[in-house]
Amino acid sequence: MTAIAPGTHVEAHATGSHPAHPPTNTGISNEKLAMWAFLGSECLLFGALISTYFLYRGRSLVGPTPKQIYDIPYTSVSSFVLLMSSLTMVLALAAIQRGDQRRLRIWLLATALLGMTFIGGQVYEFTSFVREGLTLKTNLFGSSFFVLTGFHGAHVTLGIVMLLSLANLSARGKIPQEKSEIVEIAGLYWHFVDIVWIVIFTVVYLIPSPGLHVH
Amino acid sequence: MSTQAPSADPSIQDQQAEHGLHPTEATYIKVAAILAAITAVEVAVSYWHGLGDGIPPVLIILAAIKFSMVAAYFMHLKMDHLWLRRLFVTGITLAIAVYIAVFLMFGVFQNRIHA
Amino acid sequence: MATVLEPPALAPPPPAPESVVSPFRRPRTTEGFWGWITTIDHKRIGILYGVTAFFFFLVGGFEALLIRVQLAQPNGTLLSADAYNQVFTMHGTTMVFLVIMPLSVAFGNFMIPLMIGARDVAFPRLNAFSYWTFLFGGIFLYSSFVLGGAPNGGWFGYAPNTSVTGFLPGRGIDFWILGLLILGIASTVGAANLVVTTLNMRAPGMDLFRMPIFVWMSLISQMLTLFAMPVITVALFLMLFDRFFGSAFFDPSRGGDPVLWQHLFWLFGHPEVYILVLPAMGIVSEILPVFSRKPLFGYPVMVFSGIAIGFIGWGVWVHHMFAVGLGPVAVSAFSLTTMFIAVPTGVKIFNWLGTMMKGSLKFTTPMLWAVGFIAMFTIGGLSGVTHSLSPSDRQQTDTYYVVAHFHYVLFGGSIFALFGATYYWFPKIFGRMLDERLGKWHFWVTFIGFNLTFGPMHILGLEGMPRRIYTYDKSLGLAFWNMVATIGAFTIAIAVLIFLYNVYRTVREAVPAPQDPWDARTIEWTLPSPVPVYNFAEIPTVHSLDEFWHQKYTEDEEGRLVKLAEQPPPAVDLGPDHGIHLPSPSYWPLVASFGLPVIAYGIVYGRGSGASYVVSVIGALILLGGLYGWAFEPGTEPEVHEPDHAEAIPALVGAGASTAGELEAGDATAAGGSGEGSGSGEAPGDTASDEEGDQ
Chain A
209 MTAIAPGTHV
219 EAHATGSHPA
229 HPPTNTGISN
239 EKLAMWAFLG
249 SECLLFGALI
259 STYFLYRGRS
269 LVGPTPKQIY
279 DIPYTSVSSF
289 VLLMSSLTMV
299 LALAAIQRGD
309 QRRLRIWLLA
319 TALLGMTFIG
329 GQVYEFTSFV
339 REGLTLKTNL
349 FGSSFFVLTG
359 FHGAHVTLGI
369 VMLLSLANLS
379 ARGKIPQEKS
389 EIVEIAGLYW
399 HFVDIVWIVI
409 FTVVYLIPSP
419 GLHVH
Chain B
788 MSTQAPSADP
798 SIQDQQAEHG
808 LHPTEATYIK
818 VAAILAAITA
828 VEVAVSYWHG
838 LGDGIPPVLI
848 ILAAIKFSMV
858 AAYFMHLKMD
868 HLWLRRLFVT
878 GITLAIAVYI
888 AVFLMFGVFQ
898 NRIHA
Chain C
20 MATVLEPPAL
30 APPPPAPESV
40 VSPFRRPRTT
50 EGFWGWITTI
60 DHKRIGILYG
70 VTAFFFFLVG
80 GFEALLIRVQ
90 LAQPNGTLLS
100 ADAYNQVFTM
110 HGTTMVFLVI
120 MPLSVAFGNF
130 MIPLMIGARD
140 VAFPRLNAFS
150 YWTFLFGGIF
160 LYSSFVLGGA
170 PNGGWFGYAP
180 NTSVTGFLPG
190 RGIDFWILGL
200 LILGIASTVG
210 AANLVVTTLN
220 MRAPGMDLFR
230 MPIFVWMSLI
240 SQMLTLFAMP
250 VITVALFLML
260 FDRFFGSAFF
270 DPSRGGDPVL
280 WQHLFWLFGH
290 PEVYILVLPA
300 MGIVSEILPV
310 FSRKPLFGYP
320 VMVFSGIAIG
330 FIGWGVWVHH
340 MFAVGLGPVA
350 VSAFSLTTMF
360 IAVPTGVKIF
370 NWLGTMMKGS
380 LKFTTPMLWA
390 VGFIAMFTIG
400 GLSGVTHSLS
410 PSDRQQTDTY
420 YVVAHFHYVL
430 FGGSIFALFG
440 ATYYWFPKIF
450 GRMLDERLGK
460 WHFWVTFIGF
470 NLTFGPMHIL
480 GLEGMPRRIY
490 TYDKSLGLAF
500 WNMVATIGAF
510 TIAIAVLIFL
520 YNVYRTVREA
530 VPAPQDPWDA
540 RTIEWTLPSP
550 VPVYNFAEIP
560 TVHSLDEFWH
570 QKYTEDEEGR
580 LVKLAEQPPP
590 AVDLGPDHGI
600 HLPSPSYWPL
610 VASFGLPVIA
620 YGIVYGRGSG
630 ASYVVSVIGA
640 LILLGGLYGW
650 AFEPGTEPEV
660 HEPDHAEAIP
670 ALVGAGASTA
680 GELEAGDATA
690 AGGSGEGSGS
700 GEAPGDTASD
710 EEGDQ
């Protein structure tokens, strides 16, 4: 007997019209499953970077040390901004699931704006650290801090580009209600990036760090 | 409305019917408020030197709660299909287990003399 | 009797679709060179992977011969120390990343959709992107030979030898880092594709525990890839930053620890060896039952032991570091876990033997390779068990004993299985059978040569010959077995020539292969040989494991095999007007992929002159442009849809671009033919001359 091949279908994007997703064995669309697989992979990536940072705590031979250079109140505000961007992201999704294009764009842009604020905050933070004598080369703290937060910042930036693209697509009428999943998938990426920051904020900034290594 | 693809498998169709709608916007805002509150608590704890060696575990637990809430509600993992949770949890568990082993070998959990 | 579906005549094809982003129209042809360049068909991509990987096998093999000639006698003069370092580094890097991984993926790509009853993988264009990225990564890596010197820090790249630019002058290590990063992208993205395909696109009735075991082992292997690649990615970036920007990660003078590199590398490296061997084990598990005419012994146990190997594989990496000085606690713990992992592996070996026991054995060429795998892998596994005991490993580590061990499992294991797969699936892929007599010669000459080469290395290792040395003095008494090993290596080379001759002969002759030459068990054999572009005329419904076998045979009360009176009908070939809508070809994956090596060259030369980073920016723009073009074209172009087709043949989603006359059922020979040993066979009845004049 005949049946439709599960899951075979046009790759998701916004141009042209598409029928509803054909059945997949897991009930989750290919695109969504793929994003989750990718996020699972990213756990190992950020895990390695965070571990490297954590491993090298207290092993720098020269300063500055985290205690001397962190501005916790400042970074708390930054973290709060990113956290709220997850809220605006999920509100954007709720909007398109209701078919509300205008609200979708508003919340998408709000998310992108909050993301850009976060990145702006990071840039300011990095430049002030450099001015205070902490660079990639200075010591282990500098190396592991900048590489970890740099990778995270790059991920946020890519996310912002995705959000702006989606807002643009919506403005061109390419995200009808039936295709809200693409917003959901972008949202998954965005929330993940936020989750990584939750871990970084705790492990890197909040957990009290030892001073310099003493033999 | 659910954005899950309809499944050909009847047992999965039942599952999807149970899971039903997404959380409401009110729920999302509530979750965000809780997250903000926890963040504030975290920052406060980090300054609470009286806790001493207790600070890191408390912070990690608070971070884990925030992490789980974003995953469960914002990423919809709580209501989504089991396979997604499996993929994600496998990645995280593996990462944690493996890196803790590395920490142990580097003597990260041993006390050191510090400047 | 066989049903013959007569597709109704189609309206003339609509004009080629315009692209939203580029001035070039979307390709519609699948003929000729351009057809191969823009293909997104998993079968063609599988062939591309296989041919490219086999080419790299020849290159890596040539490197091995150079090594063996250099070491055949004491104080060899063929290679200087520096040249030797490059050759052995590239030999290892090539065999791991450019041969075994892509060959496993080649078979996975071709066979997994067929074995689960799907028309293609989940993301066909991403599949093409993976292939082109692999090809460009390999080319990038090898270009180092003519751009100042190849990587020379070993395939494992230990810091600080590699992280301090002064220790290994030149750009070789930079090529290594960036080459592996590019290849890592190809692998990770391919892994996501195959995982989603396997989980999501199985035919109705194909539960996970009815999947062919090769699909299971590939699934586990691809999940390992997904999780292991990021770790080496981070390690490589840390090394890149140390070399380029003076970070301190592996610099002891600033508190860094070179051992961190080893941890990160082997955290990736150990799962990697299971990535290399699990698909091969899956292949053996497919071949043995067919040529024993018995089901795989203990299928669920085979699945669970594969999963166990996948998990435990994450907990043994320190056994590569027993001599580093990590202390007794770490070493004991990882000795234990390494011993544990021998258990599921041993279980598999017993199950294979159980499969063969009391079976009606037929020693065809694929069967020889599979049985050879069991024997050679067991030997390699046993030497592995001796490694797990850290006291004995203390003597064995960094000697030729280890070289013997991993060649027994990777060559005697993976490569043997991959050759077996080649003979087994050749008819399905190319519509021809490789010659059996030549195949047997190929096997036996390889078997003898292989054991002559690597057997003595156990002895050499125990006699104290270290690894990674470019020569040795006469007084060490190592000359005899080294010479034997070299003779063995050239014997292997002769065997490879026999194989090449076999392929050449087969391509020359036009004797078509039958649909089911081996009387096999799984559903890819229900399809014509070679497989039509659309795979299944009708997506099957699966009722059991070894579905095809149960369509042909049953058992009587005494458990004896009984051929069913009503055999399954011969495979239907719908011909060129099949009307099945398939994803359309695309050039965007190739464009996007091309950006990657451009970025990489910009970075490699950026260490000398900052201006070179401009090249990277250009590469990034190419990549981004490619991705945008890709994102803005539909997976499948819309087309005039004939209502008659909708009834006769189940429509897949959306409209297809399969324009009449351009998609041949047999996916006939590319007129230009790309790559080496072009093996794309011709479907019975096709004549090559037909395609010449096509666009």
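For the protein sequence lines, the chains are A, B and C, in the order given.
Take any residue in the first sequence, count from 1 to its spot, add 208: that is its number in the numbering used here.
Take any residue in the second sequence, count from 1 to its spot, add 787: that is its number in the numbering used here.
Take any residue in the third sequence, count from 1 to its spot, add 19: that is its number in the numbering used here.
Note that the Cβ used here is the ideal one computed from N, Cα and C, for glycine as well.
Within 10 angstroms of its Cβ, does residue i collect 16 or more other Cβ (buried), or is it exposed?
{"i": "I403 (chain A)", "result": "buried"}
{"i": "G266 (chain A)", "result": "buried"}
{"i": "H406 (chain C)", "result": "buried"}
{"i": "D663 (chain C)", "result": "At D663 (chain C) the pLDDT is 36, less than 50, meaning the model places this residue with poor confidence; the figure from the coordinates comes in the next sentence. Exposed: under 16 other Cβ atoms inside 10 Å."}
{"i": "A125 (chain C)", "result": "buried"}
{"i": "T814 (chain B)", "result": "exposed"}
{"i": "L643 (chain C)", "result": "exposed"}
{"i": "P281 (chain C)", "result": "Checking the sequence, you will find Gln at residue 281 (chain C) rather than Pro. Classification for Q281 (chain C): buried."}
{"i": "I415 (chain A)", "result": "buried"}
{"i": "I406 (chain A)", "result": "buried"}
{"i": "Y834 (chain B)", "result": "exposed"}
{"i": "V412 (chain A)", "result": "buried"}
{"i": "E389 (chain A)", "result": "buried"}
{"i": "D592 (chain C)", "result": "buried"}
Ends of the beta strand (DSSP E) at residue i?
{"i": "E574 (chain C)", "result": "Y572 to E574"}
{"i": "V581 (chain C)", "result": "L580 to K582"}
Residues of chain A with a CB under 7 angstroms from the CB of residue i: which are they?
{"i": "N470 (chain C)", "result": "Those do not exist, as N470 (chain C) stays about 38 angstroms from chain A at its closest Cβ, beyond 7 angstroms."}
With residue i as the anchor, note down where its alpha helix (DSSP H) starts and where it stops.
{"i": "L312 (chain A)", "result": "Q309 to R339"}
{"i": "V401 (chain A)", "result": "E389 to I408"}
{"i": "L874 (chain B)", "result": "L869 to M892"}
{"i": "L643 (chain C)", "result": "Y632 to A650"}
{"i": "K853 (chain B)", "result": "I842 to M856"}
{"i": "H461 (chain C)", "result": "E455 to L481"}
{"i": "T260 (chain A)", "result": "N238 to L263"}
{"i": "S266 (chain C)", "result": "Unbroken run through S266 (chain C): none, as it is neither H nor E."}
{"i": "V421 (chain C)", "result": "Y419 to V428"}
With distances taken from CA atoms, which of the options is nearest residue i?
{"i": "F469 (chain C)", "options": "C:A394, C:G450, C:D492 and C:F116", "result": "C:A394"}
{"i": "V364 (chain A)", "options": "A:S284, A:F288, A:S373 and A:W398", "result": "A:W398"}
{"i": "F263 (chain C)", "options": "C:T655, C:F186 and C:G627", "result": "C:G627"}
{"i": "F466 (chain C)", "options": "C:G173, C:R487, C:Y427 and C:L160", "result": "C:Y427"}
{"i": "F288 (chain A)", "options": "B:L869, B:A813, B:T814 and B:A824", "result": "B:A824"}
{"i": "I121 (chain C)", "options": "C:S206, C:L372, C:L84 and C:F186", "result": "Per the sequence shown, the amino acid found at residue 121 (chain C) is Pro instead of Ile. Among C:S206, C:L372, C:L84 and C:F186, the Cα nearest to that of P121 (chain C) is on C:S206."}
{"i": "K459 (chain C)", "options": "C:R540, C:G439, C:A137 and C:E577", "result": "C:G439"}
{"i": "K387 (chain A)", "options": "A:A303, A:F400, A:N233 and A:V270", "result": "A:A303"}
What does residue i touch in chain C if you count any residue whose Cβ is under 7 angstroms from its own?
{"i": "F198 (chain A)", "result": "Outside the shown range of chain A (209 to 423) lies residue 198 (chain A), about which nothing can therefore be said."}
{"i": "V885 (chain B)", "result": "L286 and W333"}
What whole-angstrom Cβ distance do residue i and residue j have, given they're in contact under 8 angstroms?
{"i": "Q415 (chain C)", "j": "G346 (chain C)", "result": "So it is not a contact: roughly 20 angstroms between Cβ atoms."}
{"i": "L202 (chain C)", "j": "F116 (chain C)", "result": "5 angstroms"}
{"i": "L253 (chain A)", "j": "P249 (chain C)", "result": "4 angstroms"}
{"i": "L218 (chain C)", "j": "L241 (chain A)", "result": "6 angstroms"}
{"i": "A389 (chain C)", "j": "A436 (chain C)", "result": "7 angstroms"}
{"i": "L497 (chain C)", "j": "M484 (chain C)", "result": "5 angstroms"}
For a contact meaning CB atoms closer than 9 angstroms, what does residue i contact in chain A?
{"i": "S266 (chain C)", "result": "L344, K345, L348, G350, S351, S352, F354 and V355"}
{"i": "F142 (chain C)", "result": "E219, N238, E239 and A242"}
{"i": "W870 (chain B)", "result": "T234, G235, I236, L241 and W244"}
{"i": "K865 (chain B)", "result": "Residues of chain A passing the Cβ test: none, with the nearest at roughly 13 angstroms."}
{"i": "T207 (chain C)", "result": "F246 and S249"}
For residue i, which residues in chain A fall below 8 angstroms Cβ to Cβ?
{"i": "M358 (chain C)", "result": "The premise fails here: M358 (chain C) is roughly 26 angstroms from chain A at the closest Cβ pair, so nothing lies under 8 angstroms."}
{"i": "G274 (chain C)", "result": "Y264, R267, S268, L269, N347, L348 and H421"}
Name the chain B residues that come within less than 9 angstroms of residue i, Cβ to Cβ?
{"i": "F246 (chain C)", "result": "T877, G878, L881 and A882"}
{"i": "A302 (chain A)", "result": "H809, P810, T811, E812 and Y815"}
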